[in-house]
Structures are given as structure tokens and as C-alpha cells.
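A.B. asks: First, the structure itself, so that you have it in front of you.
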Amino acid sequence: MSIVTALNNEIQAFESLTPITGTGIAGFESINSTRPAPGTRLTPLADRFMLLIGDLGALALAQLVAGSIAFGINVQVLNTEFAALETGELMSRIIRIGFLAMLPILWWAAKGHYSKRTPFWAEAKEIVKAIALVALIDGFLQYIAKDYFSRLWMLQAWIWALLFVPMARIGMRHVLKRYGSWIAPVLIIGSRENAAEAAQVLEDEPYLGYEVAGTLDLAELTADRNASDPSSLLYRAGGQLSTALRLACEKHGARFIVLAPSPEEMASLDTVLRALHRARIAFSIVPPVKGIGALALEVGNFFSHDLVMLTLADNLNRPMARLMKRSFDLVVASTALLALLPFFLAVSLLIRLDGGPAFFGHRRVGEKGREFYCRKFRTMHVDSDAILKSVLENDPLRAAEWTRDQKLRNDPRVTAVGEFLRKTSLDELPQLLNVIRGEMSLVGPRPVTYAEVLRYGEDAEYYLAAKPGITGLWQVSGRNETTYMRRVELDAWYVKNWSLWQDIAIMFKTFPAVLLGRGAC
Numbered sequence: 091m092s093i094v095t096a097l098n099n100e101i102q103a104f105e106s107l108t109p110i111t112g113t114g115i116a117g118f119e120s121i122n123s124t125r126p127a128p129g130t131r132l133t134p135l136a137d138r139f140m141l142l143i144g145d146l147g148a149l150a151l152a153q154l155v156a157g158s159i160a161f162g163i164n165v166q167v168l169n170t171e172f173a174a175l176e177t178g179e180l181m182s183r184i185i186r187i188g189f190l191a192m193l194p195i196l197w198w199a200a201k202g203h204y205s206k207r208t209p210f211w212a213e214a215k216e217i218v219k220a221i222a223l224v225a226l227i228d229g230f231l232q233y234i235a236k237d238y239f240s241r242l243w244m245l246q247a248w249i250w251a252l253l254f255v256p257m258a259r260i261g262m263r264h265v266l267k268r269y270g271s272w273i274a275p276v277l278i279i280g281s282r283e284n285a286a287e288a289a290q291v292l293e294d295e296p297y298l299g300y301e302v303a304g305t306l307d308l309a310e311l312t313a314d315r316n317a318s319d320p321s322s323l324l325y326r327a328g329g330q331l332s333t334a335l336r337l338a339c340e341k342h343g344a345r346f347i348v349l350a351p352s353p354e355e356m357a358s359l360d361t362v363l364r365a366l367h368r369a370r371i372a373f374s375i376v377p378p379v380k381g382i383g384a385l386a387l388e389v390g391n392f393f394s395h396d397l398v399m400l401t402l403a404d405n406l407n408r409p410m411a412r413l414m415k416r417s418f419d420l421v422v423a424s425t426a427l428l429a430l431l432p433f434f435l436a437v438s439l440l441i442r443l444d445g446g447p448a449f450f451g452h453r454r455v456g457e458k459g460r461e462f463y464c465r466k467f468r469t470m471h472v473d474s475d476a477i478l479k480s481v482l483e484n485d486p487l488r489a490a491e492w493t494r495d496q497k498l499r500n501d502p503r504v505t506a507v508g509e510f511l512r513k514t515s516l517d518e519l520p521q522l523l524n525v526i527r528g529e530m531s532l533v534g535p536r537p538v539t540y541a542e543v544l545r546y547g548e549d550a551e552y553y554l555a556a557k558p559g560i561t562g563l564w565q566v567s568g569r570n571e572t573t574y575m576r577r578v579e580l581d582a583w584y585v586k587n588w589s590l591w592q593d594i595a596i597m598f599k600t601f602p603a604v605l606l607g608r609g610a611c
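Here the sequence shown is numbered in this note's numbering, starting from 91 and rising by one per residue.
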């Protein structure tokens, strides 16, 4: 059979393809695409160019803003001349900045920022590294050149760049998605449970631009019976798995495949991989491996051997890592406590208006099982225990809620001031004292009681391996909107995947979560 004839047969098979039923993953069978018509899209190369232009624009804007502020301070505040605007000084600075601006661009290009799809916080880490390095180079060049260009301008420019470049990344992707250019339709193939989870992860990461165009059960493609079943995709593809995969991609408009097999299906995956190579379809694999600490995972391979070795980095057991985390906690907590002293005094006075103390201490379990008093602003009535006992005895639904989550929505024990403090999470600010005392960390697992530790089961060892945190994954993942067991999973995940950068990312995510009141009590 000639290539033209085979291609015609595939086209005819695709045109006669009827809708596939019973192979979708619950919740993702019919996803309404918001992509514009294909004619409005840019090419992948144009996408990369636009992302690069966005970064250059952000770096240029940082210089303009820094220069404007430095000019205003010198002329309007200090009433001095702004020597940086002298022709020779300014031209020298423009040439130097043109050179320096290319360094982070080349760094980010080498890291795949313009060609790969990477989660925002992973990119942000590289953005900070590159800008910090270039700022040091800029300062060194200015020192050896012995010029008198505005230090205020120079320092500000790179600080503003730390803000503007991430904003440009988000903004440019948003613009590109409006034109359908950054959107990458994905077909997920795998077992129902694993594929559904993979689909949810991609939906939860809009920055990546993946759009779940459809799902297929792996058994639909690999089961022998499907080759002779007229209703199956494999039958309609003439029994050729590579053809069936191409047709499935064309039907769903997908440019990329994600394989999410179950443990039982891993044995038959080699056949699918061979077919994908023959079909020349880009793909990724989501293996059915959980609980090993994905972020702390290093992948190793061996020349000429079809073998992969996974090395886990237990960061929290490294003395230097613990020293870094403790130092970070002390510096940030001490600074925040000094800055917030007036707020502490004002809130304390408001709480004491209804009688009782301003602060309250819960007995909680900390690192290595040590007990401590977790400090908070008092948000409940003084007789809260009696109120809770009455509610649990007289309201079976609330009693069940308490048994399940150890919390109550619309808790009757909470005061008016306490309601506001809880909704904004400001009631937890006194825990800065716990951080300074070494009982807690800025970021960590949620502080729990001994009774709750028992509910952690085997994951209790992860909880006891770290100091509880003022904020953590639970706080930025919906708080009360998550189930109790999901909170346990998040705490264990945090400990297994800890890094200082992850702590910084969680702290930045905490601010919008608090301001928007997402999942607050």
C-alpha cells in the first residue's frame, strides 16, 4: 500500500469517526473550550518571541521607574542636581544596561522559560536568581569604573525588576491566551482515577496554559477485544495503535498527550510508548507513584541502560537547611513583630472590652512531640467550653461536623471582634512570639493537639519532623474548604518536599488568601 493511500485511509477513518462514549473521565468528558478560532493563533515561535519581549519590556520599565523616583528624590526632596542625566553618564548607563539586560534573558532562555511550560513559582525562583546575580555584576562594574552614576537608581532598578518581570510573565500569558496562542490542548490517556487526578492538576495550573481537551481510558486502546469491536477506536483505526492515537488527538484537537496509567497498566505501557514514537506525538507520563516527595526528587539515568534511578533529598534533615530555615524565621518574625507593635496594642484593647484576657494559648504538639502553648488573640467568649458542650449535646449535625473536622462553621463561641480576626487570620499574629521562641516556624504543618496527631496515622512521623507553622499549605489551599484527611496529606507533602524557596512561595500565597478570605473560618 502506498503512503498516499494509507494517508487517505486515515483521513477517511477520521472523517467517519463517531463520538466515543464511555471512555471519558468523570468531570472532564465535555470541557467547553474557550479557544478562539485557529486563524487567530500565533505560532509557537511567535509565542516565545512575545514572552521574551515581555521580559525586555519589564526590565526597561524597571529602569524608567527607578530613574523617575531617583530624579524626584534628588531634585524635589534633596534639592540637588541629578548628575545621572548628564549626557556622558546617561549614555554610559544605557550601554551598560543594554548589555546587562541580555544576561538574564539568556539565562532564562537556557532554562527553557520561553520554550517549556513550567509552574510559576519554579520560574520565579530562576527570575530571582538571575536578577540578583545581574544586580551584583552591575554594582561590581560601577565600582571598578569609578563612575558617579546614581546608586539609588541602580539599586531600585533591580528591585523593581523583581516585581515587574513576574507581572509581565503573568500578563503576557493572559494576553496570549486571549488569542488562543498559549493554550495547549491536551489529551489524557489512562486509568480513571489517575487520569482524573492528572486532569485536575492541569486545570489547577492555568499559568501552564494546558487545556484538557479530552480523556480516554487506556483499556480502550490496549485491550485485545477492542481490535475486533466495531464500536472501539482501535477497530476504526484498522487495528493500528499509532493511527488510533493520531485520530484521537485530531478528534479532540490535542497537540500533546499525557499518559496516566494505573499500577496494573504500567506493564502494557511499552506498547503505547512505541506507538507514540511511531506517530511522532509529544507526550508526558504521570506514573502511579505517590508519597515520595516529588519536588525533592532527582532523576538519574545510566548510559546505554533503560533504567531510571530516583534519589530523594530529605532536606529538613540537613543541618545547614535547618539553620537556614531558623535564621529566616528569626529575621522575618522579629522584624514583623516590631513593625506590628501598634496593631497588637490596638487589637488587645478591643478584645479586652468584652472582659477576659487579650491572648489565649492552645496546647499543641510541636517538633519531636514537644508540647507548647500556641498563642493567639482570644476570639471566643470566656465560657466557650460550656457553649461547645451545649451545642454538641443538642445539635447532632454539628456534633458530627465537630467529630469529622474538629471545627464548626459559624461557630457560636466566636465573638464579634473574633469573627473579623479569624476571617482575616489576624488572630494568629501572636504566634510570631512562638516563632522567636523556637516553638514554631513561619511556614510549616498546621499546629494540632495530641488527639489529632493520632488521626494522622502513619503520616504522624512527618508532622513530628518539623515545627508547626503560622501559615502552610493548608492555609493557602482552601483552609476549611478542604477535608481533614486532605489537610494531613498537605502537611506530609510539605515536610517531604521542603525547601526555603517553597517557604517563601507559601508566604507570598498567604497574602492573597488572607485578603480574599478564601476558606477562612
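Where a beta carbon is used, it is the ideal one built from N, C-alpha and C, also for glycine.
Model, not experiment: these values are computed from the prediction.
1) Note down the Cα distance separating LEU337 from VAL422, rounded to an integer number of angstroms.
2) Quick check: the Cα distance between ILE279 and ILE260, rounded to an integer number of angstroms?
3) Do you know offhand how far VAL218's Cα is from LEU196's?
4) So does the region 344-362 actually touch the region 281-297, counting three or more Cβ pairs closer than 8 Å?
5) Taking the alpha-carbon positions, what's the ILE187 to LEU151 distance?
6) Between HIS342 and the rest of its own chain, which residues show a CB-CB distance below 8 Å, the 5 nearest in sequence each way excluded?
7) Compute the distance between the beta-carbons of GLU529 and GLY446, then report whether it is under 8 Å.
8) Could you tell me which uninterrupted beta strand (DSSP E) segments, each at least 3 residues in length, are contained entirely in the region 243-314, listed from first to last along the chain?
9) Could you tell me if the beta carbon of GLU216 falls within a distance shorter than 7 Å of some heavy atom in the ligand ATP?
10) Please work out which residues of its chain come closer than 7 Å, Cβ to Cβ, to SER591, disregarding the five sequence neighbours upstream and downstream, and give them in chain order.
11) Using alpha carbons as the reference points, say which of ARG345, PHE346, ALA372, VAL376 lies closest to GLU355.
12) Roughly how many angstroms lie between the CA atoms of ILE249 and ARG183, to the nearest whole one?
13) Restricting to Cα atoms, I'd like to know which of LYS236, ALA251, ALA200, ASP495 is closest to TYR546.
14) What separation, rounded to the nearest whole angstrom, lies between the Cα atoms of GLU309 and ARG499?
15) Using 10 angstroms around the beta-carbon of LEU443, count the other beta-carbons present and answer buried if the total reaches 16, otherwise exposed.
16) Among ARG138, LYS380, VAL362, which one has its Cα closest to the Cα of PHE373?
17) Can you list, in chain order, the residues of its chain with a C-beta nearer than 6 Å to that of ALA285? Leave out the 5 residues immediately preceding and following it.
18) Can you check which of these residues, ALA199, ARG408, LEU435, is closest to ALA616 by C-alpha distance?
19) Output the distance between the C-alpha atoms of HIS452 and SER474, rounded to the nearest integer angstrom.
20) Return the chain-ordered ranges of every beta strand (DSSP E) run that is complete within the region 509-535 and spans a minimum of 3 residues.
21) Rounded to the nearest angstrom, how far is the Cβ of ILE596 from that of THR561, given a contact under 8 Å?
22) So if DSSP puts SER374 in a beta bridge, which residue, or which two residues, is it bridged to?
23) Three or more C-beta pairs under 8 Å: does that hold for the region 462-481 against the region 516-533?
24) Grab me the residues of ASN405's own chain with a C-beta within less than 7 Å of its C-beta, minus the 5 sequence neighbours each way, in chain order.
25) Compute the beta-carbon to beta-carbon distance between LEU400 and VAL389, rounded to the nearest angstrom, for a pair I have assumed lies under 8 Å.
26) Helix, strand or coil: how does DSSP classify LEU563 here?
27) Going by beta carbon distance, what residues of the same chain come within less than 6 Å of LEU359, once the five residues before and after it are set aside?
28) Whole angstroms is fine: what's the gap from PRO296's alpha carbon to TYR233's?
29) Run the CB neighbour count on ARG364, radius 10 Å, all protein chains shown included, and call it buried at 16 or more, exposed below.
30) Need the endpoints of the beta strand (DSSP E) that GLY144 sits in, please.
31) Grab me the residues of ASP135's own chain with a C-beta within less than 8 Å of its C-beta, minus the 5 sequence neighbours each way, in chain order.
32) In three-state DSSP terms, what is VAL389?
33) Can you tell me the Cα-Cα spacing of LEU253 and ILE477, whole angstroms?
34) Taking the alpha carbon of ALA550 as the point to measure from, which residue in GLU293, VAL525, TRP583 has its own alpha carbon closest?
35) Throw me the rounded Cβ distance for the MET262 and LEU141 pair, which I believe falls under 8 Å.
36) May I ask which residues mark the beginning and end of the beta strand (DSSP E) holding TYR540?
C.D. replies: With the given structure in hand:
1) Here residue 337 refers to the residue found at position 247 of the sequence shown. Here residue 422 refers to the residue found at position 332 of the sequence shown. Roughly 55 Å between the two C-alpha positions.
2) Residue 279 sits at position 189 when you count from the first residue of the sequence shown. Residue 260 sits at position 170 when you count from the first residue of the sequence shown. Roughly 29 Å between the two C-alpha positions.
3) Within the sequence shown, residue 218 is the residue found at index 128, counting from 1. Within the sequence shown, residue 196 is the residue found at index 106, counting from 1. Each residue's alpha carbon lies about 14 Å from the other.
4) Judged by Cβ distances under 8 Å, the region 344-362 makes contact with the region 281-297, as three or more pairs qualify.
5) Your numbering for residue 187 matches position 97 in the sequence shown. Your numbering for residue 151 matches position 61 in the sequence shown. Their backbone Cα atoms lie some 12 Å apart in a straight line.
6) Position 252 of the sequence shown, counted from the first residue, corresponds to residue 342. These residues qualify, in order along the chain: PRO275, LEU277, ALA303, GLY304.
7) Locating residue 529 in the sequence shown gives position 439, counting from the first residue. Locating residue 446 in the sequence shown gives position 356, counting from the first residue. Cβ atoms of GLU529 and GLY446: not closer than 8 Å.
8) The region 243-314 contains, as complete beta strand (DSSP E) runs of 3+ residues, the segments 274-280, 300-307 (chain order).
9) Only the bare structure without any ligand can be found here, which leaves the ligand ATP out of the picture.
10) In the sequence shown, counting from the first residue as 1, residue 591 sits at position 501. The sequence shown places Trp at residue 591, not Ser. Contacts found: LYS215.
11) Walking along the sequence shown from the start, residue 355 turns up at place 265. Nearest in C-alpha terms to GLU355, of all of ARG345, PHE346, ALA372, VAL376, is VAL376.
12) In the sequence shown, counting from the first residue as 1, residue 249 sits at position 159. In the sequence shown, counting from the first residue as 1, residue 183 sits at position 93. Distance from the CA of ILE249 to the CA of ARG183, rounded to the nearest whole angstrom, comes to 17 Å.
13) Working through the sequence shown from its first residue, we reach residue 546 at position 456. For the residues LYS236, ALA251, ALA200, ASP495, the minimum Cα distance to TYR546 belongs to ASP495.
14) Reading the sequence shown from its first residue, position 219 is the one you call residue 309. Reading the sequence shown from its first residue, position 409 is the one you call residue 499. The sequence as given places Ala at residue 309; Glu does not occur at that position. Taking the CA atoms as reference points, ALA309 sits about 43 Å from ARG499.
15) Translated into positions along the sequence shown, residue 443 becomes position 353. With fewer than 16 other Cβ atoms inside 10 Å of its own Cβ, LEU443 counts as exposed.
16) On the sequence shown, position 283 is the one that residue 373 refers to. For PHE373, the closest C-alpha among the options ARG138, LYS380, VAL362 is that of VAL362.
17) Against the sequence shown, residue 285 aligns to sequence position 195. By the criterion of a C-beta distance shorter than 6 Å, ALA285 is surrounded in its chain by ILE115, ILE278, THR305, ALA350, once the five residues flanking it on both sides are discounted.
18) Outside the shown range of the chain (91 to 611) lies residue 616, about which nothing can therefore be said.
19) The count along the sequence shown starts at 1 and reaches residue 452 at position 362. The count along the sequence shown starts at 1 and reaches residue 474 at position 384. In a straight line, the C-alpha of HIS452 is about 13 Å away from that of SER474.
20) 531-533, all fully within the region 509-535.
21) As a working note, residue 596 is residue 506 in the sequence shown. As a working note, residue 561 is residue 471 in the sequence shown. With 8 Å as the limit, ILE596 and THR561 qualify as a contact, their Cβ atoms being about 6 Å apart.
22) By 1-based counting over the sequence shown, the position of residue 374 is 284. Answer is VAL348, bridged to SER374.
23) Yes, since at least three Cβ pairs between the region 462-481 and the region 516-533 fall closer than 8 Å, the two stretches touch.
24) Taking the first residue of the sequence shown as position 1, residue 405 is located at position 315. Around ASN405, the same chain offers ALA386, ALA411, TRP588, SER589 as residues with beta carbons nearer than 7 Å, after the five sequence neighbours per side are excluded.
25) Residue mapping note: residue 400 aligns to position 310 of the sequence shown, counting from 1. Residue mapping note: residue 389 aligns to position 299 of the sequence shown, counting from 1. Contact annotation, LEU400 with VAL389: C-beta distance approximately 6 Å; criterion of less than 8 Å satisfied.
26) As a position in the sequence shown, residue 563 is number 473, starting the count at 1. Coil at LEU563, not helix or strand.
27) Taking the sequence shown and counting its residues from 1, one reaches residue 359 at position 269. When the five nearest sequence neighbours on each side are left out, the beta carbons in the same chain lying within less than 6 Å of the beta carbon of LEU359 are those of PRO351, in order along the chain.
28) The residue labelled residue 296 in the question sits at position 206 within the sequence shown. The residue labelled residue 233 in the question sits at position 143 within the sequence shown. C-alpha of PRO296 to C-alpha of TYR233: approximately 43 Å in a straight line.
29) In the sequence shown, counting from the first residue as 1, residue 364 sits at position 274. Under this definition ARG364 is an exposed residue.
30) As a first step, residue 144 must be located in the sequence shown, where it is residue number 54. It is not in any beta strand (DSSP E) - GLY144 instead sits in the alpha helix (DSSP H) that spans 134-162.
31) For the purposes of this step, residue 135 is taken as the residue at position 45 of the sequence shown. In the sequence as displayed, the identity of residue 135 is Leu instead of Asp. Cβ within range, chain order: n/a, list empty.
32) Position 299 of the sequence shown, counted from the first residue, corresponds to residue 389. Strand, per DSSP.
33) What you label residue 253 is simply residue 163 of the sequence shown in a count that begins at 1. What you label residue 477 is simply residue 387 of the sequence shown in a count that begins at 1. Cα-Cα distance, rounded: 48 Å.
34) Start at 1 with the first residue of the sequence shown, and residue 550 comes out as number 460. Nearest to ALA550 by alpha-carbon distance, out of GLU293, VAL525, TRP583, is TRP583.
35) Along the sequence shown, read from residue 1 onward, the residue named residue 262 stands at position 172. Along the sequence shown, read from residue 1 onward, the residue named residue 141 stands at position 51. With 8 Å as the limit, MET262 and LEU141 qualify as a contact, their Cβ atoms being about 6 Å apart.
36) Against the sequence shown, residue 540 aligns to sequence position 450. Where TYR540 is concerned, there is no enclosing beta strand (DSSP E), although the alpha helix (DSSP H) it sits in stretches over 540-545.
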